[in-house]
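Visitor: Just passing along the structure, written as C-alpha cells.
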DNA sequence: AGTGATTTGCACAATGGCGTGCAACTGCAC
DNA sequence: GTGCAGTTGCACGCCATTGTGCAAATCACT
C-alpha cells in the first residue's frame, strides 16, 4: 500500500477509474451514499477507496472537476466558429447533452448546499457564455422571451435537467433525446417550433 | 408535557406553526438540516420539536402533504372551466406559481432519493392532469413540441423550478415572476412568443 | 519462486445525529 | 396562588459514518 498514491500500475489505475465511475453512478442515485456503498459497488473494500482518495470530499471534487471540464469543453466546441446565435445555441445543446447526461449528479449536488455551493461558482464560466449567447440572440431578434438573458439561461439549464429525468424514466428514447433537447431549448427561447425543428434536423447529421 | 400532542393551546399551536414555517425555510437551504438547527431557528429547543412531531420523517411528511395539497388545489382552480388548453395552461402556471415557490423544498427533496421517492408518487395526480392538458393542446394544434406530452410535462415542471432559482438570485423581479413563468412555459410548448405574451397579459389582471 | 506494489480485513477513536426519559421551570387562566 | 399545558435542559443509549493504522493476503511480473 506504500505507493498507492503513485498509481502507475495497471491494477491501481483500473481500480481508481472504476471507483470514479461507480461513485458517479451511486452519487447520482443518492448524493448521500456512504463511502462503503461506493466501495462495495466498485467491487472493492472501503479501505481501498481511501487508498486512492484521502477523503470523501476529494473523491467528489475529482468527479466535479472532471465534469465541469468536459462540460466547458463541449460547450466551447459547440459554439466554435458559429456566428448565428440560434444555430450556436442549438449546436451547444447538442454538444453538451451527452456530457451533461453523464454527469447528471452535478444537479443533485448543486441543488444541495453550503459546502457544495462551490459547484455553482465553478460552472459560472459555462453559464456566462450561455448568457452572452442568449443576449446576442435577444438583441438581434433571433430569440424572444419574457425573461432577461440570465434568467433564460437558468431555464435552459433546467430544461436539460428535466429532459434527463424524462430520458431516465423512459419517456424519451435515448437516441432522439439530444435532438429533442436542442429543439425544445430553441423553442423555449422563442424560436418558432417549425424553424427550430428544421434547423436542428439539419445540424444533427 | 403530557398533553403536548393535544395542541389546543395557543402557545402550542403557535410553536407548531412556527416550527413548520422555519423547517420549510431551513430544509429549503439544506435538505439535511439537523433537527437541532431547525429547532434553534424556530427559537425552540430540540426536545420541543419532538413534542410536536414524533420524528424527522413525520415533520417533513407534514410539510410535503401540505405542499402537495396546496399545489393540487391551485392547479385545479387554474384549469377550472377553461376549455382552451393554451389558456388553461397559462392559468395553471399563474395559479400554481406562488405555492410552488413557497414549497420549493419539494424540488430539493424530490431530487434526492430512496425514502423520498414517495414525493414523486404523491405528485403524480398533479402531473397527470398536466399531461392531459398538454396532450389535448398538442392534438388540436395549440401546442407544438418535439417531445411527447409526458416529457413536456417534465420540462414544464423544471422550467418552473429554474425560474424559482432565478427569482431567488434576483434575476427576475418577484412581481413579474408569475407572468414571466406563464409566458415562458407557453413558449416552451410551442406557442408563438407574441401570442403567449398577449394571452398571459390579458389573463393576469 | 521471489519481489514489490496493491488490496484486504480487521480494529480503533471520533464525530454527530436521532429519539427518549425525567425533573425542573415558565407562563397563562381561573 | 394553585394548577396544568407546554417548555426547557440535561441525561442517556443507539447507530451510522468517517478517517486511520497495521499486518496479512494477493496480484502482476520477472
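Chains as they are written, first to last, in this note's numbering: chain A, 38 to 242; chain B, 38 to 242. For every residue, glycine included, the Cβ atom is placed at its ideal position computed from N, Cα and C.
Beta-carbon within less than 6 angstroms of residue 219 (chain B)'s beta-carbon, same chain only, minus the 5 sequence neighbours each way: which residues are those?
Guide: Cβ within range, chain order: 127, 130, 131 and 237.
Visitor: Starting from the C-beta of residue 134 (chain A), find all residues in its chain whose C-beta is less than 8 angstroms away, skip the five residues before and the five after it, and write them out in chain order.
Guide: The answer, listed in chain order, is 197, 214, 215, 218 and 219.
Visitor: Name, please, each residue of chain A whose Cβ falls closer than 9 angstroms to the Cβ of residue 200 (chain B).
Guide: Simply 184, 188, 191, 192 and 195.
Visitor: With a 10 Å radius around its C-beta and 16 neighbouring C-beta atoms as the bar for buried, classify residue 170 (chain B) as buried or exposed.
Guide: Burial call: buried.
Visitor: Could you give the DSSP three-state label for residue 198 (chain B): helix, strand or coil?
Guide: Here residue 198 (chain B) sits in helix by DSSP.
Visitor: Could you work out which residue in B:87, B:90, B:192 and B:177 is closest to residue 167 (chain B) when comparing CA atoms only?
Guide: The residue with the shortest Cα to Cα distance from residue 167 (chain B) is B:192.
Visitor: In the structure shown, what three-state DSSP assignment does residue 59 (chain B) receive?
Guide: Of the three classes helix, strand and coil, the one that applies to residue 59 (chain B) here is helix, per DSSP.
Visitor: Could you name the residues of chain A that residue 209 (chain B) contacts, counting a contact when the two beta carbons are closer than 8 angstroms?
Guide: The contacting residues are 184, 185 and 188.
Visitor: Are the C-beta of residue 181 (chain B) and some C-beta of chain A separated by less than 8 angstroms?
Guide: Judged by the 8 angstroms Cβ criterion, residue 181 (chain B) is in contact with chain A.
Visitor: Indicate the three-state DSSP secondary structure (helix, strand or coil) for residue 81 (chain A) in the structure shown.
Guide: In the structure shown, residue 81 (chain A) sits in coil (DSSP, three-state: anything other than H, G, I, E or B).
Visitor: At the level of alpha carbons, what is the spacing between residue 235 (chain A) and residue 223 (chain A)?
Guide: Roughly 11 angstroms between the two C-alpha positions.
Visitor: At which residues does the alpha helix (DSSP H) containing residue 223 (chain A) begin and terminate?
Guide: Note, residue 223 (chain A): alpha helix (DSSP H), 211 to 225.
Visitor: Given this structure, state the Cα-to-Cα distance separating residue 202 (chain B) from residue 72 (chain A), to the nearest angstrom.
Guide: Approximately 31 angstroms, taken between the alpha carbons.
Visitor: If you count every other CB in all the chains shown that lies within 10 Å of the CB of residue 221 (chain B), and 16 or more means buried, which is it?
Guide: So residue 221 (chain B) counts as buried.
Visitor: With a threshold of 7 angstroms on Cβ separation, who are the neighbours of residue 186 (chain B) within its own chain once the five nearest residues in sequence on each side are excluded?
Guide: Same-chain partners within the cutoff: 168, 171, 172 and 175.
Visitor: Can you give me the Cβ contacts of residue 62 (chain A) inside the same chain, cut-off strictly under 8 angstroms, excluding the 5 residues immediately before and after it?
Guide: Same-chain partners within the cutoff: 78.
Visitor: Taking only three categories from DSSP, how would you classify residue 151 (chain B)?
Guide: For residue 151 (chain B), the pLDDT reaches just 41, beneath the cut-off of 50, and the residue's location in the model is therefore unreliable, leaving the point undetermined.
Visitor: With DSSP collapsed to three states, give me the class of residue 205 (chain A).
Guide: It is helical.
Visitor: Using a C-beta cutoff of 8 angstroms, does residue 76 (chain B) count as contacting chain A?
Guide: By this cut-off, residue 76 (chain B) is not an interface position.
Visitor: Exposed or buried, which one is residue 92 (chain B) when buried takes at least 16 other CB atoms within 10 Å?
Guide: That one is exposed.
Visitor: So with CB distances below 8 angstroms, who are the chain A contacts of residue 227 (chain B)?
Guide: Going along chain A in sequence order, the residues near residue 227 (chain B) (Cβ under 8 angstroms) are 224 and 230.
Visitor: Which residues in chain A have a C-beta closer than 9 angstroms to the C-beta of residue 85 (chain B)? List them in chain order.
Guide: By Cβ distance, chain A contributes nothing, its closest Cβ being about 25 angstroms from residue 85 (chain B), past 9 angstroms.
Visitor: Which chain B residues sit within Cβ distance under 8 angstroms of residue 60 (chain A)?
Guide: Ordered by position in chain B, no residue passes the 8 angstroms Cβ test against residue 60 (chain A), which lies about 15 angstroms from the chain.
Visitor: Since residue 217 (chain B) meets chain A, which of its residues come closer than 7 angstroms, beta carbon to beta carbon?
Guide: Neighbours of residue 217 (chain B) on chain A, chain order: 183 and 184.
Visitor: Step through the CB atoms of chain A and report whether any lies within less than 8 angstroms of the CB of residue 323 (chain B).
Guide: Here chain B comprises residues numbered 38 to 242, so residue 323 (chain B) is not present and cannot be evaluated.
Visitor: Near residue 184 (chain A), what residues of its chain come up, given a Cβ to Cβ distance below 8 angstroms and the 5 sequence neighbours on each side ignored?
Guide: Hits under 8 angstroms: 192.
Visitor: Taking residue 50 (chain A) as the reference, which of A:212, A:67 and A:86 has the closest Cα?
Guide: Among A:212, A:67 and A:86, the Cα nearest to that of residue 50 (chain A) belongs to A:86.
Visitor: For residue 235 (chain A), would you say it is in contact with chain B, using Cβ-to-Cβ distances shorter than 8 angstroms as the test?
Guide: Judged by the 8 angstroms Cβ criterion, residue 235 (chain A) is not in contact with chain B.
Visitor: Could you have a look at residue 92 (chain B) and say whether DSSP puts it in helix, strand or coil?
Guide: Residue 92 (chain B) falls in the coil class under three-state DSSP.
Visitor: Taking all protein chains shown into account, decide if residue 68 (chain B) is buried (16 or more other Cβ within 10 angstroms of its Cβ) or exposed.
Guide: With 16 or more Cβ atoms within 10 Å of its Cβ, residue 68 (chain B) is classed as buried.
Visitor: Taking Cβ-Cβ distances shorter than 8 angstroms, what residues in chain A pair up with residue 99 (chain B)?
Guide: Those do not exist, as residue 99 (chain B) stays about 22 angstroms from chain A at its closest Cβ, beyond 8 angstroms.
Visitor: Which bits of chain B does residue 220 (chain A) rub up against, with CB to CB less than 9 angstroms?
Guide: Near residue 220 (chain A) (Cβ distances below 9 angstroms), the residues of chain B are 182, 183 and 184.
Visitor: If we ignore side chains and look at the alpha-carbon of each, how far apart do residue 123 (chain A) and residue 82 (chain A) end up?
Guide: Taking the straight line joining both Cα atoms gives about 50 angstroms.
Visitor: So, is residue 228 (chain A) buried or exposed, given that buried needs 16 or more other C-beta atoms within 10 angstroms?
Guide: The residue is buried, with at least 16 neighbouring Cβ atoms inside 10 Å.
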